[in-house]
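Numbering (this note's numbering), first residue to last: 5 to 394.
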């Protein structure tokens, strides 16, 4: 562009030089100022400067226009994709949020922050899809949103059926929680609902959808079968454990009243009272009796429970935890008292070091029981005494 202007200027100069003699010939009688040539040269120099500045300005303007066009093109592609996505498929951000892929979610929002307001054909945004599909990592990421206004818009969003996040949290997902037992599944469902409730305004728990149902009504309707199956699971578990607790209590009572080696005729004291094994036998048999009765009481309280919906949140899991703990302690104590009582029988027939393998084999049943029940026990502690989603 600059070359064209320069060529035109040179062409104009050539024409000026060619026409100069004729002008001098025609205008020979005209008197020019002495500095006429200086003014002409200055004018030509000024004209060239104007052309150069105009060229540079047009280049800069073209670059800005190019940047604006690229930006508008990106926004257009994003908006057109969003419009097309809303009718057919979910956007990449919504698909990533639905599947809990945080790397893609963070990358998209880093380059396209406006994508956080994307919705699908059901008018569900990233927050509603994360709640519906139980994506805890996405919820925690959205909770860190710096703009309060954007966060409020996300959390207050409703879908085409007027369902808010609490309504979607009340619907049971086909994908179960990673914990065994319907009773504990129900506990996690209640904890999930309470966790989502922390994101919502205080008045949203009374909000109704198109079917005129509150979130609590939707929760009760969708969890009737789970409450029933959870009650049956607790009943069968408590019944089986109660039988074991009764047997241990019977044996513990019999062993606690029996004194190994008999008593002294003079004062009625045990003949083996100064032995460490005898002291352990007396203590462990008493511990087994007390904890077996405690376990029996806990399991009986579970059997007589009404199995209400809210009982699965804290009451029933706490009773199950105390019952299993007491049962485990009673089993360990009764085995320990058995080993202590037989120490007097084996010490004369076996060497001191040969007795320990026998005791190790005796403890094998309680070890197997501990390994089998340990995952359930840990999950029960974790879900009962703190919210697993926080």
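Positions of the beta carbon are idealized from the N, C-alpha and C atoms, including for glycine. These numbers come from a predicted model, not from an experiment.
Just checking: is the beta-carbon of residue i within a distance shorter than 8 Å of some beta-carbon in chain D?
{"i": "residue 382", "result": "No chain D appears in the structure shown, which is made up of a single protein chain."}
The alpha helix (DSSP H) that contains residue i, what's its start and end?
{"i": "residue 229", "result": "228-261"}
{"i": "residue 369", "result": "368-389"}
{"i": "residue 283", "result": "280-307"}
{"i": "residue 136", "result": "130-136"}
{"i": "residue 196", "result": "186-201"}
{"i": "residue 311", "result": "Segment: none, residue 311 is in no alpha helix (DSSP H) and carries neither H nor E."}
{"i": "residue 99", "result": "96-103"}
{"i": "residue 121", "result": "That residue, residue 121, is in no alpha helix (DSSP H); it is neither H nor E in DSSP."}
{"i": "residue 156", "result": "152-159"}
{"i": "residue 206", "result": "Unbroken run through residue 206: none, as it is neither H nor E."}
{"i": "residue 111", "result": "106-115"}
{"i": "residue 145", "result": "140-147"}
Would residue i be called buried (16 or more neighbouring beta carbons within 10 Å of its own) or exposed?
{"i": "residue 189", "result": "buried"}
{"i": "residue 165", "result": "exposed"}
{"i": "residue 229", "result": "exposed"}
{"i": "residue 240", "result": "exposed"}
{"i": "residue 389", "result": "exposed"}
{"i": "residue 378", "result": "exposed"}
{"i": "residue 251", "result": "exposed"}
{"i": "residue 191", "result": "buried"}
{"i": "residue 339", "result": "buried"}
{"i": "residue 74", "result": "Low local confidence applies: a pLDDT of 46 at residue 74 is under 50, so the model's placement there is unreliable, with the coordinate-based value given in what follows. Burial call: exposed."}
{"i": "residue 112", "result": "buried"}
{"i": "residue 173", "result": "buried"}
Shortest alpha-carbon distance to residue i belongs to which of the options?
{"i": "residue 198", "options": "283, 110 and 138", "result": "138"}
{"i": "residue 221", "options": "242, 171 and 180", "result": "171"}
{"i": "residue 211", "options": "163, 232 and 332", "result": "163"}
{"i": "residue 385", "options": "326, 367 and 244", "result": "326"}
{"i": "residue 308", "options": "131, 320, 253 and 214", "result": "320"}
{"i": "residue 133", "options": "151, 114 and 109", "result": "109"}
{"i": "residue 204", "options": "219, 192 and 191", "result": "219"}
{"i": "residue 128", "options": "153, 102, 145 and 146", "result": "102"}
{"i": "residue 143", "options": "334, 131, 151 and 330", "result": "131"}
{"i": "residue 231", "options": "343, 96, 124 and 316", "result": "316"}
{"i": "residue 259", "options": "94, 234, 365 and 285", "result": "285"}
{"i": "residue 335", "options": "279, 119, 287 and 373", "result": "373"}
{"i": "residue 177", "options": "115, 135 and 161", "result": "135"}
{"i": "residue 185", "options": "324, 147 and 310", "result": "324"}
{"i": "residue 278", "options": "202, 147, 156 and 348", "result": "348"}
{"i": "residue 288", "options": "313, 364, 392 and 253", "result": "253"}
{"i": "residue 104", "options": "146, 301 and 341", "result": "146"}
{"i": "residue 194", "options": "368, 312 and 342", "result": "312"}
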